[in-house]
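Chemist: In this note's numbering, the protein residues as written are 314 to 632.
This is the structure:
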């Protein structure tokens with residue numbers, strides 16, 4: 314198991330480095346310039362002169378070669394230094410750490426709700442194949458797959474505001490400080506994200522369970538007289554959950570990306586809203602740091618998924 318973990322950890326390094334290099338280069342080639350954005354905001358667009366541009370570019374370190382800029386940024390990451398914002402010169406790390414728990418909480422709530430509701434829906438659909446319950450669950454899953462999450466979020470806001478004269482509280486309150494307010498603030502963005510996740514999990518659970526139910530060892534277990542509940546929980550569930558866990562882990566990255574949209578729709582001050590602000594003003598340092606941390610988080614989640622694979626199927630540990 315230790316060799317298995319070591320291989321997976323070593324595979325994380327080139328993935329993370331590739332993500333950092335990609336976002337670093339992309340931020341340099343997209344249209345727009347943080348220097349002109351800052352000077353236009355401070356002096357007005359008409360008063361920006363070449364001398365001010367050159368001075369600010371030197372202050373921000375943008376006059377140095379790209380390789381030097383990249384290596385300097387990478388060298389600070391192991392020390393916990395993500396750099397200072399090019400927009401307001403405040404430490405990027407402090408701003409991200411204050412917002413990151415909000416985004417992670419939304420994503421985890423969405424994963425939990427999607428898994429808790431999606432798996433039973435898929436199980437019922439598989440065990441009741443061909444019945445009205447199977448048909449209803451499939452229609453339900455396909456419908457939520459078809460609805461864009463931002464559209465669902467806007468529809469929920471319109472319904473709650475116009476019909477019930479109520480809006481989720483703005484800002485953010487930690488769950489350990491004000492649990493009820495925290496739930497009011499995050500339940501809608503999490504629920505909207507979970508609807509798509511639930512549909513994916515339900516469809517995957519149904520297909521994998523139907524495949525496992527047709528295996529020879531399931532027929533053998535039934536022929537030996539095992540109760541149907543024992544067959545389902547002891548044999549079918551364990552062998553059908555590996556693909557479902559894969560889907561959940563892969564979808565977690567999309568949930569983090571979806572949380573960006575939900576934070577904007579529901580005015581939640583998470584990392585997503587900070588990322589949008591940073592991209593808008595071309596704040597290279599902030600954007601690079603956010604994408605790096607999201608990539609790191611996604612890779613760590615995949616590592617835990619690989620560990621769960623090894624626990625569910627010992628054969629995987631030998632690959």
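No residue lacks a Cβ here, since even glycine has one placed at the ideal position from N, Cα and C.
It should be emphasised that the depicted structure is a prediction, and the values quoted were computed from it without experimental measurement.
1) Are residue 595 and residue 376 closer than 8 angstroms when you measure CB to CB?
2) Restricting to Cα atoms, I'd like to know which of 329, 320, 518 and 501 is closest to residue 442.
3) Quick check on the DSSP output: what are the complete beta strand (DSSP E) runs of length 3 or more inside the segment 493-518, in order along the chain?
4) Indicate whether the contact test is met: 3 or more Cβ pairs, each with one atom in the segment 518-527 and one in the segment 551-562, closer than 8 angstroms.
5) Applying the 10 Å Cβ sphere with the 16-neighbour rule, what's the burial state of residue 501?
6) What is the DSSP secondary structure of residue 378, reduced to helix, strand or coil?
7) State whether the segment 599-609 contacts the segment 396-413, with contact taken as three or more CB pairs (one from each stretch) at a distance under 8 angstroms.
8) Please state whether the Cβ-Cβ distance between residue 353 and residue 431 is less than 8 angstroms.
9) By a C-beta neighbour count over all protein chains shown, 10 Å radius and 16 as the cutoff for buried, is residue 648 buried or exposed?
10) In the DSSP assignment, what are the bridge partners of residue 397?
11) I think residue 499 touches residue 572, with their Cβ atoms under 8 angstroms apart; what is that distance to the nearest whole Å?
12) CB-CB under 7 angstroms to residue 479, same chain, minus the five flanking residues each way: which ones, in chain order?
13) If I'm right that residue 319 touches residue 616 with Cβ under 8 angstroms, what's the distance once you round it to whole angstroms?
14) Assuming residue 510 contacts residue 424 (C-beta within less than 8 angstroms), just tell me the rounded distance between them.
15) Would you kindly check if the distance between the Cβ of residue 558 and the Cβ of residue 618 is under 8 angstroms?
16) Rounded to whole angstroms, what is the Cα-Cα separation between residue 532 and residue 444?
17) Between the C-alpha atoms of residue 549 and residue 434, what's the straight-line distance to the nearest angstrom?
Modeler: So, from the listed chains and residues:
1) No, the pair does not count as a contact, with Cβ atoms beyond the cut-off.
2) The residue with the shortest Cα to Cα distance from residue 442 is 518.
3) Qualifying beta strand (DSSP E) stretches: none in this window.
4) Counting Cβ pairs under 8 angstroms, three or more are found: they touch.
5) Residue 501 should be labelled buried.
6) Residue state, collapsed to three classes: coil.
7) Because the criterion of three Cβ pairs below 8 angstroms is met, the segment 599-609 and the segment 396-413 touch.
8) When the beta-carbon positions are compared, residue 353 and residue 431 stay at least 8 angstroms from each other.
9) There is no way to answer for residue 648, as the model of the chain reaches only from 314 to 632.
10) According to DSSP, which records beta bridges pairwise, residue 397 is partnered with 404.
11) With 8 angstroms as the limit, residue 499 and residue 572 do not qualify as a contact, their Cβ atoms being about 10 angstroms apart.
12) Setting aside the 5 residues that flank it on each side, residue 479 is surrounded in the same chain by 473, each with a C-beta closer than 7 angstroms to its C-beta; the list follows chain order.
13) Taking C-beta atoms under 8 angstroms as the contact rule, residue 319 and residue 616 fail to qualify, at a distance of about 11 angstroms.
14) The beta-carbon separation of residue 510 and residue 424, rounded to 6 angstroms, stays under the 8 angstroms limit for a contact.
15) A contact, by the Cβ cut-off of 8 angstroms.
16) Those two C-alpha atoms are separated by around 22 angstroms.
17) About 15 angstroms.
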